[in-house]
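Report on the structure given below.
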Amino acid sequence: MEFGIWFEPEMVNEDSDLARAHPEWIMATGGRLPVRARDQQVLDLAIPEAYAHVLERMTAILSENDIAYIKWDHNRDLVDAGISPRGEAGVHLQTLAAYRLMDELKARFPGLEIESCSSGGSRVDLGVLERTDRVWVSDCIDPLDRQTMMRWTMQLLPPELMGSHIASGVSHTTGRAHRLAFRAGSALYGHLGIEWDLAQATDEENADLAAWIALYKEERALMHTGTVVRADESDPTLLVYGAVASDAASALFFLASIGRSEVSPRGRFLLPDLDPARRYRVEPVRIGTPEPGFAARPGGTASSSPAARSQPRACTRR
748 MEFGIWFEPE
758 MVNEDSDLAR
768 AHPEWIMATG
778 GRLPVRARDQ
788 QVLDLAIPEA
798 YAHVLERMTA
808 ILSENDIAYI
818 KWDHNRDLVD
828 AGISPRGEAG
838 VHLQTLAAYR
848 LMDELKARFP
858 GLEIESCSSG
868 GSRVDLGVLE
878 RTDRVWVSDC
888 IDPLDRQTMM
898 RWTMQLLPPE
908 LMGSHIASGV
918 SHTTGRAHRL
928 AFRAGSALYG
938 HLGIEWDLAQ
948 ATDEENADLA
958 AWIALYKEER
968 ALMHTGTVVR
978 ADESDPTLLV
988 YGAVASDAAS
998 ALFFLASIGR
1008 SEVSPRGRFL
1018 LPDLDPARRY
1028 RVEPVRIGTP
1038 EPGFAARPGG
1048 TASSSPAARS
1058 QPRACTRR
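In terms of my numbering, the sequence shown opens at residue 748 and continues consecutively.
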């Protein structure tokens, strides 16, 4: 396991030595400070001295510690983001300065990995993607919400760039409770992590979590190198997506039920991008403790309760 650290390089607290020593480094217009957010203001990195200060401080921390990963956060909007004292627009120059800072740190510390985060996924532009190794899709990790977020983010980004964490039993943003199988199954197709106090987990949950992590490691090469595919189902409560190997010899599909369907039974659905000239063996991936109401029936169908769930299925060519 490697060590990472959380930075907000462009932020400054008004009640800090830096802000008191250099109030002219704070982005502002009209001789007044912008509205405070999270007790923070924004440092103008387009000012050479401010840029040099932040670069020096980050370099010192990275040099003195064995840090492999940075979570680069930016947790407030650029409100009244002017260049002091003239007050002219400064967002573009600030953005270019942030890019330069990332480039310089990557040059000074080869192998350093950077994750972009801005109250979740508010900083996932092409310039950031050139310079970072993963992005945080959203601060909401409720798997029911994440299913939709990941579905549309995956239109543009490969899953291995999308930070995707197994959440605690009760979501901190929505208050909804979900079983581990749905939380883990929803997080699996991404850059997997865990965001859960495991000291509060039961022995059974920890055992099941270990099995999900083992599955991720087993299928990681396929999920991170295969072709991303999805079936656009007419039923909006059913999501079907997955990864197909380059030679179409194997695939891993995910079936996610994200609401109460008006259709019962759901009927057949297609697994896209498989080789039509071949026959495949399709098997459900069973991990850990079986979920209530999700028992396989003879003939390969399954019964499920209206609760949200995600079910991986593996395909191997015969």
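For each residue, glycine too, the CB sits at the ideal point set by N, CA and C.
Alpha carbon to alpha carbon, how far is residue j from residue i? Give it in angstroms, no decimals.
i, j, result
"residue 913", "residue 939", "8 Å"
"residue 931", "residue 944", "15 Å"
"residue 976", "residue 802", "41 Å"
"residue 926", "residue 905", "26 Å"
"residue 942", "residue 952", "14 Å"
"residue 871", "residue 785", "21 Å"
"residue 961", "residue 955", "10 Å"
"residue 835", "residue 776", "7 Å"
"residue 986", "residue 768", "54 Å"
"residue 855", "residue 1015", "54 Å"
"residue 984", "residue 1012", "13 Å"
"residue 808", "residue 946", "30 Å"
"residue 949", "residue 1031", "25 Å"
"residue 901", "residue 1005", "17 Å"
"residue 1025", "residue 971", "24 Å"
"residue 865", "residue 839", "17 Å"
"residue 861", "residue 810", "16 Å"
"residue 964", "residue 851", "32 Å"
"residue 899", "residue 989", "14 Å"
"residue 920", "residue 895", "16 Å"
"residue 827", "residue 765", "20 Å"
"residue 1003", "residue 1033", "15 Å"
"residue 763", "residue 993", "54 Å"
Do residue i and residue j have their CB atoms nearer than 8 Å?
i, j, result
"residue 774", "residue 825", "yes"
"residue 897", "residue 878", "no"
"residue 937", "residue 909", "yes"
"residue 1001", "residue 1018", "no"
"residue 846", "residue 829", "no"
"residue 758", "residue 812", "no"
"residue 979", "residue 1010", "no"
"residue 788", "residue 781", "yes"
"residue 799", "residue 841", "no"
"residue 915", "residue 934", "no"
"residue 756", "residue 805", "yes"
"residue 837", "residue 886", "no"
"residue 779", "residue 761", "no"
Keeping to the same chain, check which residues put their C-beta closer than 6 Å to that of residue i; ignore five residues upstream and five downstream.
i, result
"residue 918", "889"
"residue 863", "819, 870, 875, 879, 882"
"residue 1035", "955, 958"
"residue 907", "938, 971"
Count the other CB atoms within 10 Å of the CB of residue i; is the residue buried (16 or more) or exposed (fewer)?
i, result
"residue 754", "buried"
"residue 966", "buried"
"residue 884", "buried"
"residue 903", "exposed"
"residue 858", "exposed"
"residue 893", "buried"
"residue 974", "exposed"
"residue 968", "exposed"
"residue 772", "buried"
"residue 752", "exposed"
"residue 1023", "exposed"
Leaving out the 5 sequence neighbours to the left and right, which residues in its chain are closer than 7 Å to residue i when beta-carbon positions are compared?
i, result
"residue 749", "815, 816"
"residue 1021", "991, 995, 998, 1027, 1062"
Quick one: what's got a C-beta closer than 8 Å to residue i's C-beta in the same chain, skipping five residues either side?
i, result
"residue 923", "889, 891, 917"
"residue 715", "This structure leaves residue 715 out entirely; the chain is present only between 748 and 1065."
"residue 796", "769, 772"
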